[in-house]
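To start, the structure under review is shown below, and the notes come after it.
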Amino acid sequence: MSSTTTNWVKKHVISLEDFTPTEYDTVLNTAVSFKDVLNSRTKKVPALQGQVVANMFFEPSTRTRSSFELAAKRLSADILNFAPSTSSLTKGETILDTAKTYLAMGANIMVIRHSHSGVPLNIAQEMDRLKTGVSIFNAGDGLHQHPSQALLDLFTLCSLLDPKNPRISLLEGKKIAIVGDILHSRVARSNINSLLASGARVHLAAPPTLLPQLFADTVPSVYHDRLFLHWHLTPALEDADFVMTLRLQKERMADYLLPSLREYHQLFGLTHDRISHCNTDVKILHPGPVNRGVEISSELMDDPRFSLISQQVTSGVAVRMALLYLIGNLK
Amino acid sequence: MSSTTTNWVKKHVISLEDFTPTEYDTVLNTAVSFKDVLNSRTKKVPALQGQVVANMFFEPSTRTRSSFELAAKRLSADILNFAPSTSSLTKGETILDTAKTYLAMGANIMVIRHSHSGVPLNIAQEMDRLKTGVSIFNAGDGLHQHPSQALLDLFTLCSLLDPKNPRISLLEGKKIAIVGDILHSRVARSNINSLLASGARVHLAAPPTLLPQLFADTVPSVYHDRLFLHWHLTPALEDADFVMTLRLQKERMADYLLPSLREYHQLFGLTHDRISHCNTDVKILHPGPVNRGVEISSELMDDPRFSLISQQVTSGVAVRMALLYLIGNLK
Amino acid sequence: MSSTTTNWVKKHVISLEDFTPTEYDTVLNTAVSFKDVLNSRTKKVPALQGQVVANMFFEPSTRTRSSFELAAKRLSADILNFAPSTSSLTKGETILDTAKTYLAMGANIMVIRHSHSGVPLNIAQEMDRLKTGVSIFNAGDGLHQHPSQALLDLFTLCSLLDPKNPRISLLEGKKIAIVGDILHSRVARSNINSLLASGARVHLAAPPTLLPQLFADTVPSVYHDRLFLHWHLTPALEDADFVMTLRLQKERMADYLLPSLREYHQLFGLTHDRISHCNTDVKILHPGPVNRGVEISSELMDDPRFSLISQQVTSGVAVRMALLYLIGNLK
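Chains as they are written, first to last, in this note's numbering: chain A, -2 to 328; chain B, -2 to 328; chain C, -2 to 328.
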C-alpha cells in the first residue's frame, strides 16, 4: 500500500473544492485495497496502531459516526468518542478549546461534524497556526461540505464501472442527476465538486425555492458547460446514467420552502415509473437516512436492480479507511 | 470448544419457545468453558476476531448492554454501540433501514433491544429474506422474550447443582416459584419456557391484575400439569427450591393495576420471614435492577446464604459469550 | 517498571488527604515512565490486559472521562462506559447496586465521578466489606476531592522543574497561588493537600463569599504557617512561582455569592497585567474547561510563555496511566 501514498500531501480533508484528479484517484485506489482487507478473514490492519482518532460529532449521526468508528478500529487506531450531551459543552467551553484538549491528550486525527459551516476549517487553521501535527477530517459541516460522503459515492460509481481499477475518468461524459434540496445540502455541494472534476455532466433538479438560479454562480465558470439546473424532474432524468437523490429535511416545510411532503414526492420523488426516462441500466444513490415515500418510493429503494444504497454504506467503511490511512501516514 | 458447536443450528436467538433440550445443554456446556476463560489470566479468546457486533439498544439498559459489550470484547469482536438519542432515529429512518445500514457496514451480529414485541423477529425475517448471513440476538423485546436472561438464570441454577457439568435435567422435579408482574414480564415468559422444558414444576404468584387466569393458555397444554398459578404468595413458596422475583415497573401503579408499592411489598415482597416456608436451602434470583424494599427486602437481597443476584450477573457474561460464540461460528 | 511499584499499598484512590510523600513520588516516577510510553511509536503496554475498567460518570465530563478512557486503553484494559442517561438510574437502582453489578460482571477498577461528596468512599468501603478485590478511583466527588487532577497538576509542576526526575521536594519553598472559587472546588481541596505536603507555600485568593475565614480550619494546623488566605488578588500573586486559577461555576451568581462575571474578572481574573506582580517566569494552570475572559483573559490563556494548560491535559493521560497501573498491579 506504500506506493499509493507517496504522493499524498493533504493533511486535512475539509472540502473537495481543491481536490485534484490525482488525489481522487489515490483515494479510489487505496479504497480498493481496503475493500480487500474488509473481505479478508481478519479484516484488520495495524496501519494506525497507537494513533488516536477523536470522533467529535456535535450533530446527531448514526451512519457517518459508526462508519468512521469502524474504519478507525479496522486500522487498529484507538478511538475517543465525544458525546456532546454529556460533555463540557454544557459548561460553556469553546469548540476550539475542546479541540485543543483532545490535541493535548494525544489525538492524531479529529473527525468533526458540526451544524455550522466552517467549524472544521477553523479548527484546522488553528491547529496549523499552533504547528501541531494533528489532522482534521470534516465529517459534515452545516451547508458546506461532506467530503467523505461524496468520495464514497464516487467510489461506489467508479467501482461499479471497473471494480479492480476505479478511477475518476470512468465518469467522463456520463449524465448524473442530483435531485432534491440542493440549496441546503452539503452532500450535493461535495458531489458537484467531484463529479464535475471527473468530466461528468451534472444535472440538478429541485423546486426553485431549493435551487435558485444563482446557485450556478457557486460553481467555477469553467464547469458551466457541464452543469445544468432544472426546476422539473423529467429533463434531469432523461437518459441519465446515475441519479442521486438527497434527503429532504422536514424542517423545510416549516420554512415555507415546500408546500407538503406529498406534493414534493409527486413532483420530485423517484419511482419506477419516473426513472423509465433514464438510461435502462440507471442506478440510484441516496446518502441516507431515507424518508421512504418522500425522496424515493419504497419499492424502488428496495429494488436491487436499481438501488446502490447498501453499496454506498459498504463503500463508506473502505473509503474512510483509505482517507484515515492517507492522512495518518503523511510525512 | 469445537466439539460442542457441531450441532448448533440456530442462526438467530429470538425466543426460547422453540429451544430444544439439546440446545439448552449446548449453551450451558459452552458457558462453562467461557467461565473458565473468564477465570484465566488473559480473559480473552480470539473466537470472533474481525467480526462486528452491533449493540442496538432502543431502550435504556445498564446491565444487559454492558454484559453483551463485555462478552463481545472478550471474544475479540469489534463493537458498534448504537445510541438512540444521538442517532438517525430522530431523523425518521425506519428501524429496518437502520438495521440494513449496520448490515451494509459489515455487522455480523446485531443485539437488539426494543420496547415493541416482535421487532427482533421482524428484523431477523427481513435479514433472511435478503439472504444475508447476519444473526439477530433478541436482548429483550416488549413483553415478549428476553432469552439471554433466562439462559443465564438457567446457567446460574444448574451450575449451582453441578458446576462442572450443568445440564437442564438437573432441574427435573424441582419446585421453582416466579413472583411478581408475570403479565408484563419478558423475563418471566422466557424463564417459563426454559424451566418447563427442564422438567421443573413452575409456580407463578402475583395479584390477579398481573396474572390473569387466562395466562395459562399462553403455555402449551403439555406442560399444564407442571404449571401452577397463585394469587397469594405462600402456596407458591411452600417447599420451593428456588424463587425468582421480578422487577416491578412503577408505571403499573399509574395503570391502576396495583394500589401501592407498600401494599405490594406486604403481599408479594420476599423477606427472611416469608421464605421460611421454602426449602431450607432455597435460593433467590432477581433479574435486576432491584427496587429494594419492594420486590425483596434489603436484608434478604444482601444475604449471601440466599441471594444469587450477583452470580446471575457474573453468569450473564459467560452465557452471552457462549451464545455469541455459537451463533458467530455457525456453518 | 516493576521496581517503582513494590511499595505501593493503596487499593483505592479517594482523597489526597492521606497521601505520603513516598506515594506522591511513586506516582510522579511511574508517570515519567508512561510519558515515555506515550512518546514511543506503539504508545501501548499490556500492563492491564484482561482487566476491566468501568468508567462510571454520573456527572457530565469531557476531559476527565476521555483521559481515563485513553489511559486505560493504552494499558490494554477493556473499558465499560457507563452512560447515566441511558442507564438503570432511570429505573431507580441504587448507586451501590449499580457498582455491585459492574463488580459481578468482572470490573477490576471503577472510576467514579458523582455530584455528591463521599459516593466513591462509600462504594470503596462497601467493596472492602464484601472482601472484593475491586479498586475504586475517585474521578471527582461533589465538593470533596479530585485526586487525579491534583496529581497531574503536581506532575506538570515537578516535570517542569526536573523532567527526568520529578519529585515532590522540588516544590519546597515555592509560592503557589490558588485563585477562585476555593470553597466549592474539589480541585482546590486536592491541590491544597498535595502542595502543602510538598513544602510549598500556598496562597489562596477569592472573594470572602467563596473563601470564608473558617476555610483554614479544614487544613491540619501543622500546615498553617504555610497557608495564607487573601480576599484580594495582588498579595497572592506577589512573587508567586505558580498560579492555579479555578473554573468559576456560573451557578454561583444565582446563589448570590457573586455580583457578576464581569466584576469577578475585574477583581480576580488573571491578565498579563496582573501577573506582572508574580515571579518573572511564573506559570499559570487551570483545570479546564475555561471560561475565557472570566477566570483568565483569552490572551494570557493562549500565551505559551505562561500557560501550562495544555501540558496539564497531556500530563493527565500519563498520570492516570500511572495510577491505574499502580492500583491494578497491587498484591
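Idealized CB from N, CA, C, for every residue including glycine. Treat the numbers as computed from the prediction; the structure is a model and nothing was measured.
Judged by DSSP in its simplified three-state form, I175/A adopts strand.
Rounded to the nearest whole angstrom, the C-alpha separation of R186/A and S73/C is 42 Å.
If you look at N190/C, you'll find it in the alpha helix (DSSP H) that goes R183 to S195. For the C-beta of V310/A, the chain B residues within less than 7 Å are, from N- to C-terminus, T98, A101 and M102.
Exposed is the label assigned to G170/B, since fewer than 16 other Cβ atoms lie within 10 Å of its Cβ. For S63/B, the enclosing alpha helix (DSSP H) has its first and last residue at R60 to R71.
Identification of chain B residues near G285/A by a Cβ-Cβ cut-off of 7 Å yields T98, ordered along the chain. A Cβ-Cβ distance of about 4 Å is found for the pair H9/A and A121/A, placing them in contact under the 8 Å criterion. Going by DSSP, I92/A is part of no beta strand (DSSP E) but of the alpha helix (DSSP H) stretching over I92 to M102.
Within the stretch 111 to 125 of chain C, contact with chain B at the beta-carbon level (separation under 8 Å) is assigned to no residue.
Assigned with DSSP and collapsed to three states, G47/B falls in coil, not helix or strand.
The continuous beta strand (DSSP E) containing K280/B extends over residues K280 to L282.
Within chain A, no residue has its CB atom less than 9 Å from the CB of L305/B, the nearest being about 34 Å off. A straight line joining the alpha-carbon of I189/C with that of V310/C spans about 19 Å. Remark: C-beta atoms of R62/C and N52/C approach each other more closely than 8 Å.
As for any alpha helix (DSSP H) of minimum length 4 sitting wholly inside the stretch 103 to 147 of chain B, the runs are 116 to 126, ordered along the chain.
Here the stretch 233 to 244 of chain C lies against the stretch 163 to 179 of chain C, with 3 or more beta-carbon pairs under 8 Å apart. Following the DSSP letters along the chain, one finds V310/A inside the alpha helix (DSSP H) bounded by residues I306 to G325. A residue is called buried once 16 or more other Cβ atoms fall within 10 Å of its Cβ, and A68/A is buried on that count.
Along the stretch 33 to 46 of chain C, the positions whose C-beta sits under 9 Å from a C-beta of chain A are L35, S37, R38, T39, K40 and K41, read in chain order. In the three-state DSSP reduction, R289/A falls in the strand class (E or B). A residue is called buried once 16 or more other Cβ atoms fall within 10 Å of its Cβ, and E90/A is buried on that count. Under the three-state reduction of DSSP, V219/C is assigned to helix.
Note on T19/C: under 16 other CB atoms within 10 angstroms of its CB, so exposed under the neighbour-count rule. At least one CB of chain B lies nearer than 8 Å to the CB of L67/A.
Along the stretch 4 to 33 of chain C, none of the residues has a CB nearer than 7 Å to a CB of chain B. Residue pairing of L226/A in beta bridges, as defined by DSSP: L201/A.
Contact of R198/A with chain B by beta-carbon distance below 7 Å is absent, the smallest such distance being about 29 Å. Per DSSP, F212/C is not a residue of any beta strand (DSSP E), being assigned neither H nor E. F303/C sits in coil when the DSSP states are folded into three classes, being neither helix nor strand. Annotation: T23/B to L321/B spans about 13 Å, alpha carbon to alpha carbon. CA-to-CA, the gap between F79/A and A203/C works out to about 33 Å.
When C-beta atoms of the stretch 198 to 218 of chain A are compared with those of the stretch 136 to 153 of chain A, fewer than three pairs fall below 8 Å, so the two segments do not count as touching.
Interface with chain C (8 Å Cβ-Cβ cutoff): T95/A is included. Within chain B, S63, E66 and L67 have C-beta atoms less than 7 Å from the C-beta of L77/C, given in sequence order. The C-alpha of A104/C lies about 26 Å from the C-alpha of T39/C.
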